[in-house]
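A short write-up of the structure that comes next.
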Amino acid sequence: MLDVLIVGGGPVGLFLGCLLARRGLDVRVLERRRARSGHSRAVGIHPPALHAFEELGLVQPFLEAGVPIPGGVVLGPGGVIGELSFHAASPRYPFILSLPQRETEEVLERRLADLAPGTLRRGVEVRALRDEGPHVSVTGREGGREQTLHARLVVGADGTRSTVRDLAGIAFPGGTYADKYLMGDFPDTTAFGPLAAICLTGEGVVESFPLPGHRRRWVVRTEALLDGAGAVDLAALVRERTGLHLPAGDCSMLSAFEVRHHLARRMVAGRVLLVGDAAHEVSPIGGQGMNLGWLDAAALAPRLEEVLSGAPGARAALLRYERRRRRLARLATRQAEFNMAFGRPAGGAARRVREGVLRGLLAPPVQPLLARAFTMRWGAAGGGETRCPES
9 MLDVLIVGGG PVGLFLGCLL ARRGLDVRVL ERRRARSGHS RAVGIHPPAL HAFEELGLVQ
69 PFLEAGVPIP GGVVLGPGGV IGELSFHAAS PRYPFILSLP QRETEEVLER RLADLAPGTL
129 RRGVEVRALR DEGPHVSVTG REGGREQTLH ARLVVGADGT RSTVRDLAGI AFPGGTYADK
189 YLMGDFPDTT AFGPLAAICL TGEGVVESFP LPGHRRRWVV RTEALLDGAG AVDLAALVRE
249 RTGLHLPAGD CSMLSAFEVR HHLARRMVAG RVLLVGDAAH EVSPIGGQGM NLGWLDAAAL
309 APRLEEVLSG APGARAALLR YERRRRRLAR LATRQAEFNM AFGRPAGGAA RRVREGVLRG
369 LLAPPVQPLL ARAFTMRWGA AGGGETRCPE S
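What follows is the structure in structure tokens.
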């Protein structure tokens with residue numbers, strides 16, 4: 009009988025596994041993939057997540073692997089609209105840390121192995137789940153064989169297509185935005201250095217972020233989903249809109265994606281709980297999804313420990329966790345919608361109005377508030393530097 013069974017060995021499931029193992033709980037993490045994905049996907053680690061990582065001694069390994077982004081520059085057809093510094097985001101971490109997700113998972117997986125060797129089991133596909141009352145039974149297929157595990161609590165951290173959520177019968181209402189994007193990673197041939205660059209053009213936004221290894225990610229808004237596009241196509245779009253040249257032959261990752269929003273009706277259903285993308289899907293524009301999941305995990309870990317120990321009021325605390333995390337997910341969705349709105353095509357009077365609004369937001373009196381919002385400091389409990397929501 010396990011204390012907690014986590015389904016999903018991505019960034020959120022691994023982090024939650026570390027938090028629970030450090031508390032001395034008997035935990036397993038099941039992951040369908042046999043190896044980490046080679047796709048870099050999410051890259052931004054925000055200050056609240058770094059504060060949460062302090063508990064596990066993870067900040068230094070992340071800092072050694074990643075690239076700090078201290079701010080960004082916003083450009084329009086007429087030149088620089090303004091600059092945003094993340095200095096006000098956090099006294100200890102005045103930046104967003106750039107690190108591809110596959111390397112993020114490697115750091116977390118290594119820490120989990122240190123805390124509790126053998127906790128992560130790869131190549132296991134969950135097929136059935138049954139809440140028995142005092143515990144949950146989970147049946148998984150591994151190498152053609154089925155095995156049933158029993159745990160006092162089960163957490164679904166298995167992404168937007170969550171099997172746990174579906175098996176628990178939890179609704180996941182939402183929709184798809186009209187916004188589409190094409191992104192890729194190239195050698196950094198720009199003069200932006202450590203800064204992010206947001207280029208607002210009449211055809212749509214072009215975003216750019218530094219990556220480790222002197223590389224840079226480019227994200228371009230497109231009118232249609234360019235599934236069949238290649239690196240040459242992305243380089244051509246960037247050149248047409250910004251005049252910048254990308255070495256298409258050295259592209260290391262390319263992906264076209266559309267943007268969706270979903271929010272689970274519940275994050276707590278008996279002895280089954282949801283965190284991360286299994287509970288909420290927000291636009292990746294602004295880099296909030298993975299960080300929101302980490303803050304879910306930081307908030308949930310002490311609540312699970314209370315439930316397992318039989319602490320008075322533990323169940324009520326779980327319901328408070330659910331209400332707060334769903335509320336913050338809705339806030340993250342609104343912020344992502346705000347980010348996307350500024351990146352949509354605009355010309356003439358609409359473009360001038362947009363640039364005027366941005367100049368106001370980037371002005372010194374307002375900029376610290378914008379920096380805190382952009383780096384998800386609205387997720388910090390009471391504004392404290394060492395606490396995460398619900399901790």
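The opening position of the sequence shown corresponds to residue 9 in our numbering, with each subsequent residue numbered one higher.
Ideal Cβ positions, reconstructed from N, Cα and C, are used throughout, including at glycine.
Item, Value
"Separation of A354 from R360, as counted between CA atoms", "9 Å"
"Simplified DSSP assignment, three categories, for T171", "helix"
"Selection from G80, G257, D122 that minimises the alpha carbon distance to I104", "G80"
"Cβ-Cβ distance between P181 and L33 below 8 Å", "no"
"Assigned secondary structure, D122 (DSSP; H/G/I helix, E/B strand, else coil)", "helix"
"Top-ranked residue by Cα proximity to L175, from G278, T209, G86", "G278"
"Q68 versus G356 - alpha carbon distance", "47 Å"
"Span separating the alpha-carbon of L312 from that of R118", "23 Å"
"Proximity of F217 and V82 at Cβ, strictly below 8 Å", "no"
"Rounded straight-line distance, which links the Cα of L219 to that of V75", "6 Å"
"Burial state of T383 (16 or more Cβ within 10 Å)", "buried"
"Whole-number beta carbon distance between V315 and L64, since they are thought to touch under 8 Å", "About 21 Å separates the two Cβ atoms, so there is no contact after all."
"Straight-line Cα distance separating E231 from L208", "15 Å"
"Inter-residue CB distance, R135 and E154 (contact presumed, cutoff 8 Å)", "7 Å"
"CB contact flag (T127, L137, <8 Å)", "no"
"For G238, the nearest candidate out of D193, A322, G301, R268 (CA to CA)", "D193"
"Cβ-heavy atom distance, A121 to the ligand ATP, below 7 Å", "Among the components modelled here there is no ligand, and therefore nothing to report on the ligand ATP."
"Euclidean distance between Cα positions of S106 and P292", "14 Å"
"Proximity of W386 and A60 at Cβ, strictly below 8 Å", "no"
"Residue range of the alpha helix (DSSP H) that includes P56", "55-61"
"Spatial neighbours of E393 in its chain, beta-carbon cut-off 8 Å, leaving aside the 5 residues before and after", "With a pLDDT of only 34 at E393, under 50, the local geometry of the prediction cannot be trusted, and the value read off the model is given with reservation. For E393, where only same-chain residues beyond five positions count, the Cβ hits under 8 Å are H59, S98, P99, R100."
"Selected residue, minimal CA-CA separation from E140, among A309, H158, R149", "H158"
"Among S263, H222, A307, the one whose alpha carbon lies nearest that of L242", "S263"
"Pairwise C-alpha distance: P195 and A179", "42 Å"
"Counterpart residues of Q155 in DSSP-defined beta bridges", "G148"
"Alpha-carbon to alpha-carbon, G84 and L92", "15 Å"
"CA-to-CA distance, T156 to G391, given in whole angstroms", "Caution applies to G391, whose pLDDT of 32 falls short of 50 and renders its modelled position unreliable; the value that the coordinates give is listed next. The alpha-carbon atoms of G391 and T156 are separated by roughly 43 Å."
"Rounded C-alpha distance that separates V371 from G90", "According to the sequence shown, residue 371 is Ala rather than Val. If I take the Cα positions, the gap works out to 8 Å."
"Counterpart residues of C207 in DSSP-defined beta bridges", "L83, V214"
"For V276 and P255, the rounded distance between their alpha carbons", "48 Å"
"Opposing strand residues paired with A136 [DSSP bridges]", "T147"
"C-beta atoms of E133 and R42 nearer than 8 Å", "no"
"Reference V163; option with closest CA among G18, R380, G152", "G18"
"Those residues which DSSP pairs with L10 across a bridge", "A159"
"Boundaries of the alpha helix (DSSP H) in which P310 is found, first to last residue", "297-317"
"Per-residue burial, S170 [other beta carbons within 10 Å of its own, 16 or more giving buried]", "buried"
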